[in-house]
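For the sequence shown, the working numbering assigns the number 5 to the initial residue and increments by one for each residue that follows. Report on the structure given below.
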Amino acid sequence: MAIDTRTLKTMHAVVSTGSFAAAGRELGYTASAVSQQMSALERSLGIRLFEREARRVVPTEAALYLQHRAAEVVDLLNQVEIDMARLGAGQTGTLRAGTFDSAGGPILGQAIARFLVRRRDVKITLDEGEPYELFPRVSDGSLDIALGFQYDLVAPDFPTNLQLTEVMTEDLFLVAPAKHRLARKSSVDLGDLRSERWVAHRPETPSHQCLLALCERHGFVPDIAFRSNNLGTVKGIVSAGLAVAMVPEISLQHGLEGIVALPLAQPMPRRKIVSATRAGADNPLVEPFLHALRAIAGTSRRGD
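Below, the structure is given as structure tokens:
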């Protein structure tokens, strides 16, 4: 025996109003339809729920018990409907996000704060990693959105079910110690750096691959003495006078002590910061979060 929620709501209305007709008016049914529902419920339960009189119905003890429990169910269903509406409107729920290291402070932290202004019931979880680590997790549904990047000179290799949206595009720079022999020159040829030691990201990263491709275009292979995916570490090695490096614009906005960006004669490749979402995914929090990301990225580029 199964009791459907429609019948529970009808029985609740009958007990509350005292008649089939009044319950029908409340629910939009005819009195006959309400009576039929209650008769079917009595047959399925094997117990009488109402004493039927000429102008009213009197609930039995069984009906009063069922009405009490049904009220709990009806209240729960009403709350579920409210919760579903809030979820659909992006007012509550969970957003699982991912980011790479250098975007965490200047972009993602501020974007989360902006996003949560009118969404205090929303929970955000955050993981950090490289795009080749995070984007597959967006693809398989374990993350809702992740920030990553694409470098000029490097063909992207991402899962095919991802939808990529540009957040911002930034220039790449070659940086050297402030006392470097080329620091005071008004124009530097990239080939002038062929004898330098370099600090670069790990070999599997597009940053590393872009650097190799750039140097190859200028006829040399960089002597990479240090490797780190942490831009703070990279800049620290440069500042200590140990190496030169290629870094994105976003890293130059936060601490340049002991470092200079060399004025290159040749145009440099660029890095595009993108968000990845899974095609067909329907978390309503993703779109407003992406809007916050792009707004903060635009502010960051203007230097506001």
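Note that beta-carbon positions come from the ideal geometry of N, C-alpha and C, so glycine has one too.
Three or more C-beta pairs closer than 8 Å, one from the segment 245-260 and one from the segment 220-235: is that the case here?
Contact between the segment 245-260 and the segment 220-235 is present, because at least three Cβ pairs lie under 8 Å.
Could you spell out where the alpha helix (DSSP H) holding Gly236 opens and where it closes?
Where Gly236 is concerned, the enclosing alpha helix (DSSP H) stretches over Leu235 to Ser243.
Reduced DSSP secondary structure (H/G/I, E/B, other) of Leu216
Correct three-state label for Leu216: helix.
By DSSP, does Pro160 sit in helix, in strand, or in coil?
Looking at Pro160 - three-state DSSP - the assignment turns out to be coil, as it is neither helix nor strand.
Glu55 - containing beta strand (DSSP E), residue span
It spans Phe54 to Arg56 - the beta strand (DSSP E) in which Glu55 sits, taken as one unbroken run.
As assigned by DSSP and simplified to three states, the class of Glu261:
Correct three-state label for Glu261: coil.
Take the Cβ of Glu57 as the centre, count every other Cβ of all protein chains shown within 10 Å, and call the residue buried at 16 or more, exposed below.
For Glu57, the number of other beta carbons within 10 angstroms of its own is below 16, and it is reported as exposed.
Less than 8 Å between the CB atoms is what I'm expecting for Arg141 and Gly102, so what's the real figure, rounded?
The pair is a contact, with the Cβ atoms about 7 Å apart (cut-off 8 Å).
Inter-residue Cα distance where the pair is Ser143 and Arg123:
Between Ser143 and Arg123, the alpha-carbon positions lie close to 26 Å from each other.
Buried or exposed: where does Gly28 fall if 16 or more other Cβ atoms within 10 Å of its Cβ makes it buried?
Note on Gly28: 16 or more other CB atoms within 10 angstroms of its CB, so buried under the neighbour-count rule.
For the alpha helix (DSSP H) that Phe177 lies in, which residues bound it at each end?
Annotation: Phe177 is outside any alpha helix (DSSP H); the continuous beta strand (DSSP E) that includes it extends over Leu166 to Pro181.
Contact between the segment 262-275 and the segment 130-141: three or more CB pairs below 8 Å?
Not touching, per the Cβ criterion.
So Ser23 and Val61 are in contact, right, with Cβ under 8 Å, and what is the actual spacing, rounded?
That belief holds up - the Cβ atoms of Ser23 and Val61 are roughly 6 Å apart, short of 8 Å.
Just to confirm the assignment, what range does the alpha helix (DSSP H) spanning Arg282 have?
Counting along the chain, Arg282 falls outside any alpha helix (DSSP H), though it belongs to the beta strand (DSSP E) covering Arg274 to Arg282.
Reference Val238, options Cys219, Ala280, Pro181 and Pro267, closest by Cα
For Val238, the closest alpha carbon among the candidates Cys219, Ala280, Pro181 and Pro267 is that of Pro181.
Beta carbon of Val171 nearer than 8 Å to that of Ser279
For Val171 and Ser279, yes; Cβs fall inside 8 Å.
To the nearest angstrom, how far is the alpha carbon of Leu31 from that of Arg52?
Separation of Leu31 and Arg52 (C-alpha to C-alpha, rounded to the nearest whole angstrom) is 22 Å.
To the nearest angstrom, how far is the alpha carbon of Gly307 from that of Gln257?
Reliability fails at Gly307, whose pLDDT of 46 lies under 50, so the model's placement of it is uncertain and no value is given.
Let me check one thing: in DSSP terms, what residues is Thr103 bridge-paired to?
According to DSSP, which records beta bridges pairwise, Thr103 is partnered with Glu132.
How long is the line joining the alpha carbons of Thr9 and Ser39, rounded to whole angstroms?
Those two C-alpha atoms are separated by around 16 Å.
Backbone CA spacing between Val121 and Thr173 [nearest angstrom]
Taking the straight line from one Cα to the other gives about 26 Å.
Could you tell me the distance, in whole angstroms, from the CA atom of Thr164 to the CA atom of Phe104?
Looking at the two C-alpha atoms, the distance is approximately 20 Å.
Apart from the five residues on each side of it in sequence, which residues of its chain come closer than 7 Å, Cβ to Cβ, to Ala17?
Correct list, in chain order: Ala27, Glu30 and Leu31.
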